[in-house]
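**Student:**
In the working numbering, the protein residues as written are 2 to 73.
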């Protein structure tokens, strides 16, 4: 198991879209040298290429404190 940053995912997606699956697998192995199996690298590259970036988290709207019932 490994963690992929958004920058790494974007780079792998770009290579996948421009040059294909094999090039994306090579890019993945370049960024993650612990992955030594080409077939697993291709599977991972395919999965990463299918991801869509997460949407921006909306800013939280501050909530007013609730008054206590029965107290004035």
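The beta carbon of each residue, even a glycine, is placed where N, CA and C say it ideally should be.
Between the beta-carbon of residue 49 and the beta-carbon of residue 8, is there less than 8 Å?
**Tutor:** no
**Student:** If you follow the alpha helix (DSSP H) that residue 15 is in, where does it begin and where does it stop?
**Tutor:** 7-20
**Student:** Should the region 49-58 be called in touch with the region 14-28, which here means at least 3 C-beta pairs below 8 Å?
**Tutor:** yes
**Student:** Hey, quick one: how far does the alpha helix (DSSP H) through residue 51 stretch, first residue to last?
**Tutor:** For residue 51, the enclosing alpha helix (DSSP H) has its first and last residue at 39-51.
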